[in-house]
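Note that the sequence shown covers residues 6 to 85 in the numbering used here.
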Amino acid sequence: MSDDDKKEKLEKVAQYLDGDKEKLERIVEYIEKKERQEERDEVGRKVRTIIMLFIVGGLLYSCGVFGDFESSSDIAAQIE
Numbered sequence: 006m007s008d009d010d011k012k013e014k015l016e017k018v019a020q021y022l023d024g025d026k027e028k029l030e031r032i033v034e035y036i037e038k039k040e041r042q043e044e045r046d047e048v049g050r051k052v053r054t055i056i057m058l059f060i061v062g063g064l065l066y067s068c069g070v071f072g073d074f075e076s077s078s079d080i081a082a083q084i085e
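Spelled out as structure tokens, the structure:
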């Protein structure tokens with residue numbers, strides 16, 4: 006969006022408001038609502054990513070991709 010387009014939109018908003026405080030408050034509420042929605046969406050994406058990582062890690066582990074892990078007591082028993 007060019008600067009001229011932005012200026013035109015701001016002029017339209019200024020004409021629409023025309024000193025009406027109630028309209029300005031509604032616009033501010035709308036913007037705040039959108040910002041909160043974007044924050045929730047971002048948190049949701051992060052949570053889904055973490056869940057998917059656990060699922061993929063569990064599947065890889067159950068398929069034996071990581072190899073056999075031995076507990077420290079098993080290793081100690083082999084050394085003796």
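No residue lacks a Cβ here, since even glycine has one placed at the ideal position from N, Cα and C.
Quantities reported herein were computed from a predicted structural model and do not represent experimental measurements.
* To do: Return the CA-CA distance between Lys-28 and Arg-50, expressed in angstroms with no decimal places.
  => On the sequence shown, position 23 is the one that residue 28 refers to. On the sequence shown, position 45 is the one that residue 50 refers to. Using only the alpha carbons, I get a separation of about 33 Å.
* To do: In the DSSP assignment, find the alpha helix (DSSP H) that holds Gly-49 and state where it starts and stops.
  => Indexing the sequence shown from 1 puts residue 49 at position 44. Run containing Gly-49: 26-67, per the alpha helix (DSSP H) assignment.
* Cα-Cα separation, Leu-65 to Lys-39 -> If you number the sequence shown from 1, residue 65 lands on position 60. If you number the sequence shown from 1, residue 39 lands on position 34. So the two alpha carbons sit approximately 39 Å from each other.
* To do: Pull up the distance between the alpha-carbon of Glu-14 and that of Leu-22, whole angstroms please.
  => On the sequence shown, residue 14 is found 9 positions in, with the first residue counted as 1. On the sequence shown, residue 22 is found 17 positions in, with the first residue counted as 1. This sequence places Lys at residue 14; Glu is not what is there. Distance between the alpha carbons of Lys-14 and Leu-22: 12 Å.
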